[in-house]
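Numbering (UniProt numbering), first residue to last: 1 to 151.
A virtual CB, placed ideally from N, CA and C, is assigned to each residue, including glycine.
Working notes, structure below.
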Amino acid sequence: MAMDGNTELHWACRRGQSDKVAELLELGLAVNAMAMDGNTPLHWACREGYYDMVNVLLAFGADVNLVANDGYTPLHWACRGGFSHIVDVLLTCKPDVNALTRENYTALHWACRSGNCDTITALMKSKPEINTVALDGNTPLHLAVSRIKYN
């Protein structure tokens, strides 16, 4: 383990090494290991958009509701990246769709800010709170409107 608490599994997830991730999990590395910043391997796979890796981590029992020190859950990262296919998979595991980051952003804030309509649509199926006001004064609607592209 590195001084920052990242395990070999964290690094494999950050680098997109799916085969290595599966190998490490089969060797018994902790799927929910938290680095000093609170991020888990699932946080990294969701942040980087590694769909297959997310599925492997979930199959080994990764917890979708673990919260990093900054308040981010794996769902926040998937929404921030606009990875609708990962959002769909995470939603089958019943994450807290209204969890708040330090900035008071929900997953819906990040989905709207990403500008990816598929991500917003996927998340809306879980009926998230739509009127949460972030510390910057924005609601998800404010962020969605700010992403409209005019031709």
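Are the region 26-38 and the region 74-85 in contact at 8 Å, needing three or more beta carbon pairs?
-> no
How many Å lie between Arg113 and Leu27 at the Cα?
-> Residue mapping note: residue 113 aligns to position 113 of the sequence shown, counting from 1. Residue mapping note: residue 27 aligns to position 27 of the sequence shown, counting from 1. For Arg113 and Leu27, the distance between alpha carbons rounds to 39 Å.
Reduced DSSP secondary structure (H/G/I, E/B, other) of Ile120 | As a first step, residue 120 is located in the sequence shown; it is residue number 120 there, counting from the start. Reduced to three states, the DSSP call for Ile120 is helix.
Can you tell which of Val145, Asp96, Gly115 has its C-alpha closest to the C-alpha of Glu129?
-> Along the sequence shown, read from residue 1 onward, the residue named residue 129 stands at position 129. The candidate whose alpha carbon is nearest that of Glu129 is Asp96.
Own chain residues within Cβ distance below 8 Å of Leu25, not counting five before or after = Translated into the one-based positions of the sequence shown, residue 25 becomes position 25. So the qualifying residues of the chain are Leu9, Val31, Val56, Leu57, Phe60.
Backbone CA spacing between Ile120 and Asp4 [nearest angstrom] = Looking up residue 120 in the sequence shown gives position 120. Looking up residue 4 in the sequence shown gives position 4. If I take the Cα positions, the gap works out to 33 Å.
Starting from the C-beta of Trp44, find all residues in its chain whose C-beta is less than 7 Å away, skip the five residues before and the five after it, and write them out in chain order.
-> For this step, residue 44 is matched to residue 44 along the sequence shown. If we look at Trp44 and ignore the five residues flanking it on each side, its Cβ neighbours are His10, Cys13, Arg14.
Per-residue DSSP class, three states only, for Lys94 = Along the sequence shown, read from residue 1 onward, the residue named residue 94 stands at position 94. Lys94 falls in the coil class under three-state DSSP.
Nearest-angstrom Cα separation, counted from Asp88 out to Leu135 | Translated into the one-based positions of the sequence shown, residue 135 becomes position 135. Translated into the one-based positions of the sequence shown, residue 88 becomes position 88. Taking the straight line joining both Cα atoms gives about 27 Å.
Hey, His109 and Leu75: beta-carbon distance below 8 Å or not?
-> Within the sequence shown, the letter at position 109 stands for residue 109. Within the sequence shown, the letter at position 75 stands for residue 75. Not closer than 8 Å, so no.
What runs of the alpha helix (DSSP H), each 4 residues or longer, lie entirely inside the region 30-70?
-> 41-48, 51-59
Local Cβ density within 10 Å of Asn131, reported as buried at 16 or more and exposed below that = Taking the first residue of the sequence shown as position 1, residue 131 is located at position 131. Its Cβ having fewer than 16 others within 10 Å, Asn131 is exposed.
Measure the C-alpha to C-alpha separation of Asn151 and Lys125 and round it to an integer number of angstroms.
-> Numbered from 1 along the sequence shown, position 151 holds the residue referred to as residue 151. Numbered from 1 along the sequence shown, position 125 holds the residue referred to as residue 125. Residue placement at Asn151 is flagged as unreliable, the pLDDT there being 46, under the threshold of 50; the coordinate-derived value follows with that caveat. Each residue's alpha carbon lies about 29 Å from the other.
Note down the Cα distance separating Val21 from Ala107, rounded to an integer number of angstroms.
-> Reading the sequence shown from its first residue, position 21 is the one you call residue 21. Reading the sequence shown from its first residue, position 107 is the one you call residue 107. Roughly 26 Å separates the two Cα atoms.
By the 10 Å Cβ neighbour count, where 16 or more other Cβ atoms means buried, how is Leu141 classified, buried or exposed?
-> Along the sequence shown, read from residue 1 onward, the residue named residue 141 stands at position 141. Exposed, by the Cβ-count rule.
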